[in-house]
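J.:
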Amino acid sequence: TQLLEQSPQFLSIQEGENLTVYCNSSSVFSSLQWYRQEPGEGPVLLVTVVTGGEVKKLKRLTFQFGDARKDSSLHITAAQPGDTGLYLCAGVSSGTYKYIFGTGTRLKVLA
Amino acid sequence: GAVVSQHPSWVICKSGTSVKIECRSLDFQATTMFWYRQFPKQSLMLMATSNEGSKATYEQGVEKDKFLINHASLTLSTLTVTSAHPEDSSFYICSATRDIRYEQYFGPGTRLTVT
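Residue numbers (our numbering), protein chains in the order written: chain Z, 21 to 131; chain V, -10 to 104.
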């Protein structure tokens, strides 16, 4: 069974702090996505990474895809209360094209 | 953009009745659509994958006779929960993709409550 482990599972921080969320697997992915989901809504796509070692930035969010395309990280600089939500990574497994979701990281940013 | 809509956004039904949920890709043609179920404070659980014009592929443990999926066109998929029971109460989310090698775009979800 392919797994995508996210860490940490829960994170509660003060506004202005930095944080990093990790997404790890033993499987290789042809692409990997990060989503943010708020209560009662569907996940919203933040980014897609495709190339090993790729780094993408979205305002205060920086996404990195591991060189071997097995892991990824999401770094948030100067977190704000609006960043609160459930962050999900998801990867498309190479060959089978199965879409594997991470276990999720629930972030709460306190004002 | 890539917008996916779901209807209804919430529904309450009585035990034993059937409920249909629609999923539409509004501004693109989706080669594949997916149906997920999400329990409170958990990640998404894939129920089934559907391609236009062919039978859906159900994940292990998902009853295909209970959760009927029809993918009538490249922009519309429906999930019908037949003979619903309280344990079917959940948040159902659909997604659609242009290319299964890349991202999925999610609908806003449907909250189903069976009384």
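We put the CB at the ideal spot given by N, CA and C, even for glycine. Just so we're clear, the structure is a prediction, and the values are computed from it rather than from any experiment.
1) Under a Cβ-count criterion, where at least 16 other Cβ atoms within 10 Å of its own Cβ denotes burial, should residue 77 of chain V be classed as buried or exposed?
2) For residue 85 of chain Z, report the span of its beta strand (DSSP E) as first-last.
3) At what residues does the beta strand (DSSP E) containing residue 105 of chain Z begin and finish?
4) For residue 101 of chain V, would you say it is in contact with chain Z, using Cβ-to-Cβ distances shorter than 8 Å as the test?
5) Which residues, in order along the region 112 to 124 of chain Z, keep a beta-carbon less than 7 Å from a beta-carbon of chain V?
6) Residue 49 of chain Z and residue 112 of chain Z look like a contact to me (Cβ under 8 Å); what is the Cβ gap, rounded to whole Å?
7) With a threshold of 16 other CB atoms inside 10 Å of the CB of residue 54 of chain Z, please say whether the residue is buried or exposed.
8) Taking 8 Å as the threshold (C-beta atoms), are residue 44 of chain Z and residue 91 of chain Z in contact?
9) Closest by CA to residue 10 of chain V, which one among V/4, V/19, V/88, V/-6?
10) Which whole-angstrom value describes the C-beta separation of residue 17 of chain V and residue 87 of chain V, a residue pair presumed to lie in contact below a C-beta threshold of 8 Å?
11) Between the region -6 to 23 of chain V and chain Z, which residues of the former have CB atoms less than 8 Å from a CB of the latter, in chain order?
12) Just to confirm my understanding: we take residue 70 of chain Z, look at its own chain, exclude 5 residues before and 5 after, and list those with CB closer than 6 Å. What are they?
13) Give the DSSP bridge partners of residue -5 of chain V, in chain order.
14) Taking a Cβ distance cut-off of 9 Å, strictly less, list which residues of the region 91 to 105 of chain Z are near chain V, in chain order.
T.: Taking the coordinates as given:
1) buried
2) 81 to 85
3) 105 to 113
4) no
5) 112, 117, 119, 121, 122, 123, 124
6) 6 Å
7) buried
8) yes
9) V/-6
10) 6 Å
11) -5, 23
12) 51
13) V/12
14) none
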